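Chemist: Positions in the sequence shown are counted from 1; adding 6 to them yields this note's numbering.
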Amino acid sequence: MTEQRSARRMLAVATLAFTFCFYAWSLLGPLGPDLQDHLGLSDLKLSILVSVPVLLGSVMRVPLGIATDRYGAPVTFTALMAWTLVPLIALAIWHDSFGAVIALGFLLGFTGASFAVGVPYVSRWYPPERQGFALGIYGMGMGGTVLAGLTAPRISDAWGLTAPFIVAAVLLVVVGVAFVLVARDPPVPRPAPLSIGASLSSFRGEGSARAWGLTLFYFLSFGGFVAMFLYLPKLLTSVFDLTKTDAGGRAAGFALLAVLARPAGGILSDRVGAERVLRWSFLATALLALCLAGTYKHIVTITIFCLALAVAFGLGTGAVFKLVAAWFPDRVGAVTGVVGAAGGLGGFFPPLAMGVVKDATGNYVLGFVLLSLVAAICLATLARLSRAELRPVAGS
Numbered sequence: 007m008t009e010q011r012s013a014r015r016m017l018a019v020a021t022l023a024f025t026f027c028f029y030a031w032s033l034l035g036p037l038g039p040d041l042q043d044h045l046g047l048s049d050l051k052l053s054i055l056v057s058v059p060v061l062l063g064s065v066m067r068v069p070l071g072i073a074t075d076r077y078g079a080p081v082t083f084t085a086l087m088a089w090t091l092v093p094l095i096a097l098a099i100w101h102d103s104f105g106a107v108i109a110l111g112f113l114l115g116f117t118g119a120s121f122a123v124g125v126p127y128v129s130r131w132y133p134p135e136r137q138g139f140a141l142g143i144y145g146m147g148m149g150g151t152v153l154a155g156l157t158a159p160r161i162s163d164a165w166g167l168t169a170p171f172i173v174a175a176v177l178l179v180v181v182g183v184a185f186v187l188v189a190r191d192p193p194v195p196r197p198a199p200l201s202i203g204a205s206l207s208s209f210r211g212e213g214s215a216r217a218w219g220l221t222l223f224y225f226l227s228f229g230g231f232v233a234m235f236l237y238l239p240k241l242l243t244s245v246f247d248l249t250k251t252d253a254g255g256r257a258a259g260f261a262l263l264a265v266l267a268r269p270a271g272g273i274l275s276d277r278v279g280a281e282r283v284l285r286w287s288f289l290a291t292a293l294l295a296l297c298l299a300g301t302y303k304h305i306v307t308i309t310i311f312c313l314a315l316a317v318a319f320g321l322g323t324g325a326v327f328k329l330v331a332a333w334f335p336d337r338v339g340a341v342t343g344v345v346g347a348a349g350g351l352g353g354f355f356p357p358l359a360m361g362v363v364k365d366a367t368g369n370y371v372l373g374f375v376l377l378s379l380v381a382a383i384c385l386a387t388l389a390r391l392s393r394a395e396l397r398p399v400a401g402s
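Shown next, in the form of structure tokens:
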């Protein structure tokens with residue numbers, strides 16, 4: 007019973023740290039319309055600006071996942087939160103030029119790698135039959151994006167563009183202190199330290215098809231969630247002339263449903279299998295994206311289909327890491343890093359694609375069609391992997 011209480015406590019503190027890391031990491035999305043007006047940016051430049059933190063967050067998930075295997079989450083998470091204060095404070099001071107925001111947003115991207123720290127940490131506190139549930143709860147830290155969407159535009163309207171970054175820095179200091187005081191290493195030993203090449207050997211040879219398949223699945227499910235959350239405020243303000251605060255609130259509603267669906271995806275994966283949950287997610291995503299391509303100019307239909315899409319993304323993100331822990335039990339950190347990086351890249355490219363599509367065609371139809379196509383590819387890849395005889399891949 008004591009160990010169970012410890013596991014719940016560690017899950018809670020890790021989720022809290024992840025939540026406020028994501029709060030800081032996602033600030034540029036809800037602040038995008040304000041920054042566009044403040045800096046006089048084109049739609050394409052705005053899409054670049056809100057996507058930049060996603061880029062470094064994607065790349066850094068690989069080394070941070072490996073670092074977590076090597077040094078443990080308490081050390082790695084603490085160092086990451088301390089680092090995040092640097093770009094936050096700098097953005098509070100220097101946000102009057104496009105170049106400065108791009109450079110500092112790139113450095114803020116480190117914080118997006120926080121997910122790769124918590125997954126191996128949480129999974130080692132729970133037995134395999136409970137990992138889907140635990141990782142789903144931890145994944146609710148995506149709710150930091152909801153908090154950012156709800157609060158950042160309002161804070162900016164009330165006190166200016168400096169204030170949201172200061173508020174995020176203060177919150178991260180408080181959470182970081184709590185994490186240092188509470189977090190400790192799990193009872194399950196960390197894997198033996200490996201070189202980066204050895205850590206990533208799961209992506210070569212036996213089992214590599216599964217590993218690369220997981221990266222594709224997370225590219226769509228988490229990447230699609232991030233991309234839609236980041237770009238929705240711009241889409242809603244440009245198509246429907248909504249206020250920035252209203253658009254940010256609607257984007258937060260999208261994120262909230264995805265956050266709530268994520269633990270449901272984990273729990274369903276424990277009960278009916280992660281592959282089945284992913285099939286539901288990919289099929290729904292493909293159909294809903296096509297529906298959005300034809301109806302996104304109507305406020306009722308875009309609301310219904312976007313909220314349903316949020317649920318599909320949430321279920322998918324909850325299922326992917328159940329498969330990581332099941333297929334690669336002794337390399338969770340390393341595989342999580344690469345899979346998480348793919349998810350981050352999935353959040354980087356779609357806003358850019360939307361900006362290019364909008365500038366080139368004057369609408370967003372092609373962007374949603376491309377999303378449907380990626381979902382169909384994921385569905386076909388999963389079907390192919392499911393036909394193979396699957397068993398956990400042991401490390402060498």
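Don't be surprised by glycine CBs; every beta carbon is placed ideally from N, CA and C. Predicted model only: the values in this text are computed from it and were never measured.
Could you spell out the range, first to last residue, of the alpha helix (DSSP H) harbouring R430?
Modeler: Given a span of 7 to 402 for the chain in the structure shown, any question on residue 430 remains unanswerable.
Chemist: Report all residues from its chain with a CB closer than 7 Å to the CB of E395; omit the five preceding and five following residues, and keep chain order.
Modeler: Bear in mind that a pLDDT of 47 at E395, under 50, signals an unreliable position, so the model cannot answer this.
Chemist: Reducing DSSP to helix, strand and coil, say where V265 ends up.
Modeler: V265: helix per DSSP, three-state reduction.
Chemist: Let me check understanding here. Comparing Cα to Cα, which of A217, A13, A292 lies closest to L385?
Modeler: Per the Cα distances, A292.
Chemist: Expressed to the nearest angstrom, what Euclidean distance is found between the alpha-carbon atoms of G115 and G150?
Modeler: Spanning the two alpha carbons is a distance of roughly 15 Å.
Chemist: To the nearest angstrom, how far is it from the Cα of A20 to the Cα of V92?
Modeler: Near 21 Å, if we compare the C-alpha coordinates of V92 and A20.
Chemist: With a 10 Å radius around its C-beta and 16 neighbouring C-beta atoms as the bar for buried, classify P193 as buried or exposed.
Modeler: Exposed, by the Cβ-count rule.
Chemist: What's the call for S275, buried or exposed, on a 16-neighbour Cβ count within 10 Å?
Modeler: Per the 10 Å Cβ criterion, buried.
Chemist: Rounded to a whole number of angstroms, what is the C-alpha to C-alpha distance between F28 and A215?
Modeler: If I take the Cα positions, the gap works out to 30 Å.
Chemist: Is the segment 163-182 close to the segment 66-80, with three or more CB pairs under 8 Å?
Modeler: As far as the Cβ criterion goes, the segment 163-182 does not touch the segment 66-80, which means the pair count is below three.
Chemist: Between V173 and the rest of its own chain, which residues show a CB-CB distance below 7 Å, the 5 nearest in sequence each way excluded?
Modeler: Result list for V173: I161, in chain order.
Chemist: For the segment 216-225 and the segment 117-129, state whether three or more C-beta atom pairs, one from each stretch, are separated by less than 8 Å.
Modeler: No: fewer than three Cβ pairs fall under 8 Å.
Chemist: Is Y132 helix, strand or coil by DSSP?
Modeler: Y132: coil per DSSP, three-state reduction.
Chemist: Under the three-state reduction of DSSP, which class applies to W100: helix, strand or coil?
Modeler: Here W100 sits in coil by DSSP.
Chemist: Suppose you measure from the CA of A400 to the CA of D247; what does that come to, to the nearest Å?
Modeler: Unreliable placement is indicated for A400, whose pLDDT of 46 sits below 50; the coordinate value is still reported in the next sentence. Cα to Cα, A400 sits roughly 54 Å from D247.
Chemist: Enumerate in chain order the residues of its own chain whose CB-to-CB distance from F225 is below 7 Å, with the five nearest sequence positions on each side excluded.
Modeler: The residues are A348, G349, L351, G352.
Chemist: Flag this pair as yes or no: are the beta carbons of L110 and L97 separated by less than 7 Å?
Modeler: Going by C-beta atoms, L110 is nearer than 7 Å to L97.
Chemist: Contact defined as beta carbons within less than 8 Å: I believe T90 pairs with A30. What is the distance between those atoms, to the nearest angstrom?
Modeler: Confirmed, Cβ separation roughly 5 Å.
Chemist: Let's see if you can read the secondary structure: which residues bound the alpha helix (DSSP H) around H44?
Modeler: Per DSSP, H44 belongs to the alpha helix (DSSP H) from 38-45.
Chemist: State the DSSP-derived secondary structure class of A359, mapped to helix, strand or coil.
Modeler: Helix at A359.
Chemist: Relative to the C-alpha of I383, which candidate in L86, H304, S227, V371 has its C-alpha closest?
Modeler: Here the closest residue by C-alpha is S227.
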